[in-house]
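Peer 1: In UniProt numbering, the protein residues as written are 1 to 541. Where is the CB? At the ideal position from N, CA and C, for every residue including glycine.
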Ligand code: NOJ
């Protein structure tokens, strides 16, 4: 029997970046047993589920987004028995679990890629990837002019088994991440096996990496604007992304999920990482028979401005209407500069303006209709660590570009749990077992034990917001109607009377509702909405 309540439509999911969450073994790297130990903390926070970043066997060139075995657990993170314990514990607490599946590319250590390297040009083993002869004299130039998202060309030349320089293979990310050829039927069949392997172990769904990827233009022609991909980390090359055939894959994966749901009534969720140019194209991925959800990144990329926020929210609502999905809001993730720092002016270390704005943005997001994803540490108000020394950086983007401009290590520093000095309870190992990225001393202010004890903390704001979301029907699915507001202020009504207002400016403005707010992101008295503050009211307009 199908459950009537489609839990994912307004769910709040917490993204666990496993290697930085909690380390149970003392090697300085978070693991699955650490996630299990942290579940009561997450339950107390009030999230509906968690998404686990990749923990599969991997050489870790891109921290697990280079998968060598899709159906295992890397010994760094535990084993399958520990995975099963985690699922059982989450089930007991009523916390859903989503896994990260990476279908666009694998690791260069995946056995099929190794087989391809050992096989001849034109062989069946090479056809599972994109191998091509090079151009120019002796094939020494890449087959086309595409750029990798991580910098440099999207092609690497191999040495053939006979020792001569040979063909090139395509990798839209690092060379250690060869792209699968989805026009080869074995690729899809292999992913069917992977999906079923984990669904049979009791998970609640998948976050799909690079969900607008997979298929490339069949002829792999030159791009008209090869510099565009080089300038940005966004997937802008229309020949390499967002090909029409990818929608057939999502239709098929949705059918697999529905089959499991029909079996036991538990709805499985597919949430796609979809970076496409427009909200309209984004909406195509969440048609009723495709993905349930797709991250709507425009909110995350919007500057701190009432006009910009209103535009992206309105567009998302408009384009998603009629697709069968709800909007999936996100402000932070493991690839982006954390909000506290992003909204700081100039970049701050987490105090002041950036923090006030990040708190306000959180209340805004939690008041929007649809689902929301919270990235670990967001609930602590962690700032981006902007001054990691070059020699500790691990992001392949740094290695490939030689520039710190787009690196992602700063939002991945291990969480502080307790105490006054690193490792702040993150790892319980010997002195020598340092967290895999160094934690700055100011992380002491953000440790979870301090956050829980201080009712003014980010943690309490998120917890209170989540509690109200769960209790108030107005904050579930339903309408959003904008109110007239002065410039620099946004206000909207949800359902039959919850008002959320955000003052993007720095000077106080009259509140749109009389009376004391139910919840506010900063000190707020009746009748006034201070600068850089959001608040919720139920009451007469
Ligand atoms: C998106 C993931 O979020 C990112 O961390 C990863 O590097 C790329 N996809 C490649 O898998």
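Specify whether the segment 40 to 59 and the segment 393 to 408 touch according to this definition: at least 3 beta carbon pairs, one from each stretch, less than 8 Å apart.
Peer 2: They do not touch, by the three-pair rule.
Peer 1: Leaving out five residues before and five after residue 17 in sequence, what residues of the same chain have Cβ atoms less than 7 Å from its Cβ?
Peer 2: As a working mapping, residue 17 is identified with position 17 in the chain shown. Taken in chain order, the residues that qualify are 53, 334, 376 and 412.
Peer 1: Here's the rule: buried if 16 or more other CB atoms are within 10 angstroms of the residue's CB, otherwise exposed. What is residue 350?
Peer 2: Translated into positions along the chain shown, residue 350 becomes position 350. A caution first: residue 350 carries a pLDDT of 46, below 50, which makes its placement in the model too unreliable to give a value.
Peer 1: Can you tell me whether residue 219 is buried or exposed, with buried defined as 16 or more other CB within 10 angstroms of its CB?
Peer 2: Residue numbering aside, residue 219 sits at position 219 when the chain shown is read from its first letter. Its Cβ having fewer than 16 others within 10 Å, residue 219 is exposed.
Peer 1: Within its chain, find whatever has a CB closer than 7 Å to the CB of residue 109; leave out the 5 residues flanking it on each side and keep chain order.
Peer 2: Locating residue 109 in the chain shown gives position 109, counting from the first residue. Result list for residue 109: 59 and 68, in chain order.
Peer 1: Given the structure, does residue 334 come close to the ligand NOJ, in the sense that its CB is under 7 Å from one of the ligand's heavy atoms?
Peer 2: Position 334 of the chain shown, counted from the first residue, corresponds to residue 334. The answer is yes for residue 334.
Peer 1: What is the DSSP secondary structure of residue 153, counted as helix, strand or coil?
Peer 2: As a position in the chain shown, residue 153 is number 153, starting the count at 1. Three-state result, residue 153: strand.
Peer 1: Is residue 65 near the ligand NOJ, with its Cβ less than 7 Å from a heavy atom?
Peer 2: For the purposes of this step, residue 65 is taken as the residue at position 65 of the chain shown. Flag set: Cβ of residue 65 near the ligand NOJ.
Peer 1: Output the distance between the C-alpha atoms of residue 205 and residue 192, rounded to the nearest integer angstrom.
Peer 2: For the purposes of this step, residue 205 is identified with residue 205 of the chain shown, where counting begins at 1. For the purposes of this step, residue 192 is identified with residue 192 of the chain shown, where counting begins at 1. Computed Cα separation, rounded: 14 Å.
Peer 1: Please report the residue range of the beta strand (DSSP E) in which residue 534 lies.
Peer 2: In the chain shown, counting from the first residue as 1, residue 534 sits at position 534. 533 to 538 is the extent of the beta strand (DSSP E) around residue 534.
Peer 1: In the DSSP assignment, the beta strand (DSSP E) including residue 374 goes from what residue to what residue?
Peer 2: Indexing the chain shown from 1 puts residue 374 at position 374. Run containing residue 374: 371 to 375, per the beta strand (DSSP E) assignment.
Peer 1: Which same chain residues end up closer than 6 Å to residue 505 when comparing Cβ atoms and leaving out the 5 residues on each side of it in sequence?
Peer 2: In the chain shown, residue 505 corresponds to position 505, counting from 1. Closer than 6 Å at Cβ, skipping near neighbours: 488 and 531.
Peer 1: Tell me whether residue 330 counts as near the ligand NOJ, meaning its Cβ is closer than 7 Å to at least one heavy atom of that ligand.
Peer 2: Within the chain shown, numbered from 1, the residue matching residue 330 stands at position 330. It does not: the Cβ of residue 330 is nowhere closer than 7 Å to a heavy atom of the ligand NOJ.
Peer 1: With the cut-off set at 8 Å, would you say residue 357 and residue 304 are in Cβ contact?
Peer 2: Here residue 357 corresponds to residue number 357 of the chain shown, with the count starting at 1. Here residue 304 corresponds to residue number 304 of the chain shown, with the count starting at 1. Their beta carbons are under 8 Å apart, which means residue 357 touches residue 304 by this criterion.
Peer 1: With residue 501 as the anchor, note down where its beta strand (DSSP E) starts and where it stops.
Peer 2: Taking the chain shown and counting its residues from 1, the one referred to as residue 501 is at position 501. Taken as a continuous stretch (DSSP letters only), the beta strand (DSSP E) holding residue 501 covers 498 to 503.
Peer 1: Does DSSP classify residue 3 as helix, strand or coil?
Peer 2: To locate residue 3, count along the chain shown from 1; it is residue 3. Only weak support exists for where residue 3 lies, its pLDDT of 42 falling under 50; the value from the coordinates is given anyway. The answer is coil: DSSP assigns residue 3 none of H, G, I, E or B.
Peer 1: In this structure, how does DSSP classify residue 35 when only helix, strand and coil are distinguished?
Peer 2: In the chain shown, counting from the first residue as 1, residue 35 sits at position 35. Residue state, collapsed to three classes: helix.
Peer 1: For residue 224, tell me which candidate among 34, 79, 238 and 314 has the shortest Cα-Cα distance.
Peer 2: Residue numbering aside, residue 224 sits at position 224 when the chain shown is read from its first letter. Looking at the Cα atoms, 238 is the closest of the given residues.
Peer 1: Can you tell me whether DSSP reads residue 493 as helix, strand or coil?
Peer 2: Within the chain shown, numbered from 1, the residue matching residue 493 stands at position 493. Correct three-state label for residue 493: strand.
Peer 1: For residue 131, which residues in the same chain have their Cβ closer than 6 Å to its Cβ, ignoring the five residues on either side in sequence?
Peer 2: For the purposes of this step, residue 131 is identified with residue 131 of the chain shown, where counting begins at 1. So the list reads 167 and 169, once near-sequence residues are dropped.
Peer 1: Which residue from 203, 502, 474 and 319 puts its Cα closest to that of residue 283?
Peer 2: Translated into the one-based positions of the chain shown, residue 283 becomes position 283. Among 203, 502, 474 and 319, the Cα nearest to that of residue 283 is on 319.
Peer 1: Excluding sequence positions up to five away, which residues of its chain have a Cβ less than 7 Å from the Cβ of residue 128?
Peer 2: On the chain shown, residue 128 is found 128 positions in, with the first residue counted as 1. Contacts found: 112, 116, 180, 181, 184, 186 and 187.
Peer 1: How is residue 296 classed by DSSP in three states: helix, strand or coil?
Peer 2: Walking along the chain shown from the start, residue 296 turns up at place 296. In the structure shown, residue 296 sits in a strand (DSSP, three-state: E or B).
Peer 1: Evaluate residue 395 with the Cβ neighbour count: other Cβ atoms within 10 Å of its Cβ, from every protein chain shown; 16 or more gives buried, anything less gives exposed.
Peer 2: Numbered from 1 along the chain shown, position 395 holds the residue referred to as residue 395. By the 10 Å Cβ count, residue 395 comes out buried.
Peer 1: Would you mind stating whether residue 207 and residue 273 have Cβ atoms separated by less than 8 Å?
Peer 2: Counted from its first residue, the chain shown places residue 207 at position 207. Counted from its first residue, the chain shown places residue 273 at position 273. Yes. Within cutoff.
Peer 1: Please report how far the alpha carbon of residue 22 lies from the alpha carbon of residue 483, in whole angstroms.
Peer 2: The sequence position of residue 22 within the chain shown is 22, counting from 1. The sequence position of residue 483 within the chain shown is 483, counting from 1. Answer to the nearest angstrom: the Cα atoms are 43 Å apart.
Peer 1: Measuring alpha carbon to alpha carbon, tell me which of 164, 520, 147 and 299 ends up nearest residue 226.
Peer 2: Along the chain shown, one-based indexing puts residue 226 at 226. Selected option, being the one with the closest Cα: 147.
Peer 1: In this structure, what does DSSP give as the bridge partners for residue 159?
Peer 2: Taking the chain shown and counting its residues from 1, the one referred to as residue 159 is at position 159. Per DSSP, 165.
Peer 1: Is residue 270 helix, strand or coil when you go by DSSP?
Peer 2: By one-based count along the chain shown, residue 270 stands at place 270. Strand at residue 270.
Peer 1: Return yes when at least one heavy atom of the ligand NOJ lies under 7 Å from the C-beta of residue 477, else no.
Peer 2: Reading the chain shown from its first residue, position 477 is the one you call residue 477. No, the Cβ of residue 477 stays beyond 7 Å of every heavy atom of the ligand NOJ.
Peer 1: Under the DSSP definition of a beta bridge, which residues are partnered with residue 190?
Peer 2: Working through the chain shown from its first residue, we reach residue 190 at position 190. Residue 190 pairs with nothing; no bridge assigned.
Peer 1: Among 485, 476, 510 and 508, which residue has its Cα nearest to the Cα of residue 498?
Peer 2: Locating residue 498 in the chain shown gives position 498, counting from the first residue. Closest by alpha carbon: 476.
Peer 1: Expressed to the nearest angstrom, what Euclidean distance is found between the alpha-carbon atoms of residue 516 and residue 525?
Peer 2: By 1-based counting over the chain shown, the position of residue 516 is 516. By 1-based counting over the chain shown, the position of residue 525 is 525. For residue 516 and residue 525, the distance between alpha carbons rounds to 6 Å.
Peer 1: Exposed or buried, what is residue 270 when buried is set at 16 or more other beta-carbons lying within 10 Å of its beta-carbon?
Peer 2: The count along the chain shown starts at 1 and reaches residue 270 at position 270. Residue 270 comes out buried.
Peer 1: Quick one: residues in its chain with C-beta nearer than 6 Å to the C-beta of residue 287, no 5 flanking neighbours on either side, listed in chain order?
Peer 2: On the chain shown, position 287 is the one that residue 287 refers to. If we look at residue 287 and ignore the five residues flanking it on each side, its Cβ neighbours are 323.
Peer 1: Helix, strand or coil for residue 442, going by three-state DSSP, please let me know.
Peer 2: Residue 442 sits at position 442 when you count from the first residue of the chain shown. It is helical.
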